[in-house]
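Q: The numbering of the sequence shown is our numbering, which starts it at 247 and goes up by one. Just so it is clear, CB atoms sit at the ideal spot from N, CA and C, and this is done for glycine as well. Below is one structure. I have some questions about it.
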Amino acid sequence: MNEKIQKLEKCLLKTRPEYYSELNAPLNDSQLNKLEEYYKIVIPKDLRTLYKWKNGQNSNCHKAFVNNSCFIPLEQALFDASELTEMIGFDFEIENWWNENWIPIFQNGGGDSICYDLKGIFTEQQGQLIEYWHVDNDRNVIAPTLEMFLEKIIEMYEKNRFQVTDQYFDIENIDNFPKKFIIE
247 MNEKIQKLEK CLLKTRPEYY SELNAPLNDS QLNKLEEYYK IVIPKDLRTL
297 YKWKNGQNSN CHKAFVNNSC FIPLEQALFD ASELTEMIGF DFEIENWWNE
347 NWIPIFQNGG GDSICYDLKG IFTEQQGQLI EYWHVDNDRN VIAPTLEMFL
397 EKIIEMYEKN RFQVTDQYFD IENIDNFPKK FIIE
């Protein structure tokens, strides 16, 4: 995972230096431990590694990190997850409309997220990335792991498929993904 992060950093510095400058300082182990204690969660190693690299992007920066979504700071991700979890059984009556095991790490600003799945809802693959749409009932698993997702972002940069003017860019070509699930 550390190797992927280093490659990603090089790609961003080369291709999107202005965006890179909008990324927040990394979290240290003490900060991560405090968040784990406060939110009563164990942050998986790969997610810790990501946030030890950079803690999301500046809240005034609305440029996409991936797809049409910003990379959000971990404290915001955990806060948002806890707020959504409190809505289960009240506002969210359909099973897995929101799941308490999801952490929204990339958000589009309109209520939709790419979430890190702690338990592997639908597939039993812990650490997969799943799309949460606040209005739609599809819950697509878009990558088997965070590392694979980052690898595909790096590949996009290395193959020069990213244009600085892009407002939306999709990570594709992950074998057997997305896996589509409809909740009702």
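1. Are three or more beta carbon pairs between the stretch 291 to 303 and the stretch 268 to 279 nearer than 8 Å?
2. Identify whether Ile360 lies in helix, strand or coil by the three-state DSSP scheme.
3. Start and end of the alpha helix (DSSP H) containing Phe395?
4. Which of the three DSSP states, helix, strand or coil, is assigned to Ala389?
5. In its own chain, which residues sit with a C-beta less than 6 Å from the C-beta of Glu264, not counting the 5 before and 5 after it?
6. Compute the beta-carbon to beta-carbon distance between Leu324 and Ile349, rounded to the nearest angstrom, for a pair I have assumed lies under 8 Å.
7. Cα-Cα, which of Asn419, Asp382 and Lys405 is closest to Ala389?
A: Working from what's here:
1. yes
2. strand
3. Leu392 to Glu404
4. strand
5. none
6. 7 Å
7. Asn419
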